[in-house]
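Take a look at the structure set out below.
Numbering (my numbering), first residue to last: 823 to 1289.
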């Protein structure tokens, strides 16, 4: 074999090490996704465990001995949706759930259904229509037998997720129970929020895998499998994500968005309001791509924002200014999560984080929210993009342990390679807060991805050494 052939082979091998095509990302291992039947088993098991553990804790914490959650079919309270078994897609006719905590047995609750059927394994039927045709009268009997001192219904001025009882249901209930009990009705706001925001160990054992699925889908979309620079548009990528979610038999709770920031002189784009929805753009070499993406799986939601850079033909890495900007974004995340302390309100966490960011010279905007059964979940709001001075009401709610959050924020940074143009490093990763502190559920992005993906020799060497 001639020397030049050896040289050609050597160059080819080095190229494979340095510029491994991004298709390798798409061949990454996707975590196991359960069948629909197996998902139902998991959801129902979690629901049973939650009823045995979360409900007694909340009833005792809030000093309420009876909680009534009721809805009519297709007009469901957000709370009742999370209490129905997996096989139930909606309430049936009128479904009334009663949670009662005997003052003498505060470590347990009774869970009853004033309905024609058992509501799954948790809520046992406590109404026989053949003996008592009037459902409201049956509810009144249950109340009279237990003589609760406080009857909580889901109404709330500040929290939509805790305001699920409709006016007609509440009025009918008041008319059909003894007057002395109607006077004992109180807001179940804190019970509703607590139920929705509290995560149990069984859920958290799986939440990491749910996040890995979401991250894997994002990486597949941020690849040459999906993006052809100069041809593919941001809308093309958005719809690819929706198709991919459907292929995996998952759901999303919002339409994904993909947008770009680039080194241009278009001042109208540079000054575009943060509230403005990005239009369709053709993705070009040199673009910084941003995605906002979430899935729903096993009744748990994800909400993630990540970044990728389209390499120019002569580039092998992300420009240094963007890399340094990513570090600033990660630092802002650390500043925010260091403020998480049980009992602090969302507004207090926001204020502390913004003050520290300012001391460090970071131009920060923070708009973090709880996550779990809902994408924008129940619990303390930690800033809104247009309310950096705090959010009255929702921001005054305190942090509790065993709750999950989307750490959502951005840092404005000037990029030297882009004539000091200011870009937003927009990040969002989901995390969990408990007695040990805050930790990301499925890790977080610390480096901007590249398209095509660049695998450096040292990275390959580290992988081989680990193996």
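The beta-carbon is built from N, C-alpha and C at its ideal position, and this holds for glycine as well. Computed from a predicted structure; not experimentally measured.
>> Once DSSP output is grouped into helix, strand and coil, what is the label at residue 937?
In response: What you label residue 937 is simply residue 115 of the chain shown in a count that begins at 1. Residue 937: coil per DSSP, three-state reduction.
> Which two residues bound the contiguous alpha helix (DSSP H) that contains residue 862?
Replying inline: Sequence index remark: in the chain shown, residue 862 carries index 40 (1-based). Per DSSP, residue 862 belongs to the alpha helix (DSSP H) from 858 to 884.
> Cα-Cα, which of 1274, 1267 and 1272 is closest to residue 1037?
Replying inline: Start at 1 with the first residue of the chain shown, and residue 1037 comes out as number 215. Nearest C-alpha to residue 1037: 1267.
>> Mapping the DSSP letters down to three states, classify residue 1198 as helix, strand or coil.
In response: Here residue 1198 refers to the residue found at position 376 when the chain shown is read from its first residue. Note: residue 1198 maps to coil in three-state DSSP.
>> DSSP has residue 1192 in a bridge; who is on the other side?
In response: Residue 1192 sits at position 370 when you count from the first residue of the chain shown. According to DSSP, which records beta bridges pairwise, residue 1192 is partnered with 1227.
> Taking the alpha carbon of residue 906 as the point to measure from, which residue in 884, 1243 and 866 has its own alpha carbon closest?
Replying inline: In the chain shown, the residue the question calls residue 906 occupies position 84. When each option's Cα is compared against that of residue 906, the closest is 866.
> Ordered along the chain, which non-local residues of its own chain (more than five positions away) have a Cβ less than 6 Å from that of residue 984?
Replying inline: Counting from 1 along the chain shown, the entry for residue 984 is found at position 162. Answer for residue 984: 976, 978, 1011, 1014 and 1015, listed in chain order.
> Quick one, are the C-beta atoms of residue 1198 and residue 1227 less than 8 Å apart?
Replying inline: As a first step, residue 1198 is located in the chain shown; it is residue number 376 there, counting from the start. As a first step, residue 1227 is located in the chain shown; it is residue number 405 there, counting from the start. At the C-beta level, residue 1198 and residue 1227 stay beyond 8 Å of one another.
> DSSP state of residue 925, grouped into three classes?
Replying inline: For the purposes of this step, residue 925 is taken as residue 103 along the chain shown, with counting starting at 1. Three-state result, residue 925: coil.
> Based on the DSSP secondary-structure assignment, which residues constitute the bridge partners of residue 889?
Replying inline: Stepping through the chain shown from its first residue, residue 889 is reached at position 67. BP columns for residue 889 point to 921 and 974.
> Using DSSP with H/G/I as helix, E/B as strand and the rest coil, what is residue 969?
Replying inline: Locating residue 969 in the chain shown gives position 147, counting from the first residue. Correct three-state label for residue 969: coil.
> Three-state secondary structure (DSSP) at residue 854?
Replying inline: By one-based count along the chain shown, residue 854 stands at place 32. If DSSP states are grouped into helix, strand and coil, residue 854 belongs with coil.
> Which same chain residues, not among the five before or five after residue 1189, have their C-beta less than 7 Å away from its C-beta?
Replying inline: Here residue 1189 corresponds to residue number 367 of the chain shown, with the count starting at 1. Leaving aside the five residues that flank residue 1189 on each side, the residues in its chain whose CB is nearer than 7 Å to its CB run, in chain order, 1205, 1206, 1207, 1230 and 1231.
> According to the Cβ coordinates, are residue 1168 and residue 1213 closer than 8 Å?
Replying inline: Taking the chain shown and counting its residues from 1, one reaches residue 1168 at position 346. Taking the chain shown and counting its residues from 1, one reaches residue 1213 at position 391. Going by C-beta atoms, residue 1168 is nearer than 8 Å to residue 1213.
>> Please return the same chain residues whose Cβ sits closer than 8 Å to the Cβ of residue 1070, not counting the five positions on each side in sequence.
In response: Here residue 1070 corresponds to residue number 248 of the chain shown, with the count starting at 1. Around residue 1070, the same chain offers 852, 855, 1035 and 1039 as residues with beta carbons nearer than 8 Å, after the five sequence neighbours per side are excluded.
> Skipping 5 residues on each side, what residues in its chain have a beta carbon closer than 6 Å to that of residue 953?
Replying inline: As a working note, residue 953 is residue 131 in the chain shown. Same-chain partners within the cutoff: there are none.
>> I believe residue 895 touches residue 915 by the beta-carbon criterion, under 8 Å. Please report the beta-carbon distance rounded to the nearest angstrom.
In response: By one-based count along the chain shown, residue 895 stands at place 73. By one-based count along the chain shown, residue 915 stands at place 93. Indeed they touch by this definition, with Cβ atoms about 6 Å apart.
>> Within a Cβ cutoff of 7 Å, which residues of the same chain sit near residue 1186, ignoring the five residues on either side of it in sequence?
In response: Counted from its first residue, the chain shown places residue 1186 at position 364. Apart from the 5 residues on each side of it in sequence, residue 1186 sits with its Cβ closer than 7 Å to the Cβ of 1154, 1176, 1179, 1231 and 1233 in its chain, given in chain order.
> Any idea if residue 1045 is buried or exposed, counting beta-carbon neighbours within 10 angstroms, 16 or more meaning buried?
Replying inline: Walking along the chain shown from the start, residue 1045 turns up at place 223. Buried, since its Cβ has 16 or more Cβ neighbours within 10 Å.
> Near residue 1127, which residues of its chain fall below 6 Å by C-beta distance, leaving aside the five closest residues on each side in sequence?
Replying inline: Position 305 of the chain shown, counted from the start, is the residue given in the question as residue 1127. Hits under 6 Å: 1114, 1248, 1249 and 1250.
> Alpha carbon to alpha carbon, how far is residue 1024 from residue 972?
Replying inline: Residue 1024 sits at position 202 when you count from the first residue of the chain shown. Residue 972 sits at position 150 when you count from the first residue of the chain shown. Looking at the two C-alpha atoms, the distance is approximately 31 Å.
> Is it true that the region 1104 to 1114 meets the region 1075 to 1083, where meeting means three or more beta-carbon pairs spaced less than 8 Å apart?
Replying inline: Three or more Cβ pairs closer than 8 Å define a contact, and the region 1104 to 1114 meets that threshold against the region 1075 to 1083.
> What first and last residue would you give for the alpha helix (DSSP H) that runs through residue 1024?
Replying inline: Taking the chain shown and counting its residues from 1, one reaches residue 1024 at position 202. Counting along the chain, the alpha helix (DSSP H) containing residue 1024 begins and ends at 1023 to 1043.
> CB residue 878 to CB residue 928, shorter than 8 Å?
Replying inline: Indexing the chain shown from 1 puts residue 878 at position 56. Indexing the chain shown from 1 puts residue 928 at position 106. The Cβ atoms of residue 878 and residue 928 sit closer than 8 Å to each other.
>> Just verifying my parser: in three-state terms, what is the DSSP assignment at residue 1121?
In response: Residue 1121 sits at position 299 when you count from the first residue of the chain shown. Of the three classes helix, strand and coil, the one that applies to residue 1121 here is coil, per DSSP.
> For the putative contact between residue 1056 and residue 1022, defined by C-beta atoms under 8 Å, what is the C-beta separation to the nearest angstrom?
Replying inline: Here residue 1056 is taken as the residue at index 234 of the chain shown, counted from 1. Here residue 1022 is taken as the residue at index 200 of the chain shown, counted from 1. Cβ-Cβ separation between residue 1056 and residue 1022: approximately 38 Å, too far for a contact (criterion under 8 Å).
> Are residue 956 and residue 947 touching if we call contact CB-CB under 8 Å?
Replying inline: Start at 1 with the first residue of the chain shown, and residue 956 comes out as number 134. Start at 1 with the first residue of the chain shown, and residue 947 comes out as number 125. Taking 8 Å as the Cβ cut-off, residue 956 and residue 947 do not qualify as a contacting pair.
> Should residue 1202 go down as buried or exposed, given a rule of 16 or more other Cβ atoms within 10 Å for buried?
Replying inline: Along the chain shown, one-based indexing puts residue 1202 at 380. Classification of residue 1202: buried, given that the 10 Å Cβ count is 16 or more.
>> For residue 988 and residue 965, I'd like the C-alpha separation in whole angstroms.
In response: Translated into positions along the chain shown, residue 988 becomes position 166. Translated into positions along the chain shown, residue 965 becomes position 143. Taking the straight line joining both Cα atoms gives about 20 Å.
>> For residue 1269, which residues in the same chain have their Cβ closer than 7 Å to its Cβ, ignoring the five residues on either side in sequence?
In response: Locating residue 1269 in the chain shown gives position 447, where the first residue counts as 1. Once the five neighbours on either side are set aside, the close Cβ partners of residue 1269 are 1148.
> Just the Cα atoms here: how many angstroms apart are residue 917 and residue 1068?
Replying inline: Here residue 917 is taken as the residue at index 95 of the chain shown, counted from 1. Here residue 1068 is taken as the residue at index 246 of the chain shown, counted from 1. When rounded, the distance between both Cα atoms is 31 Å.
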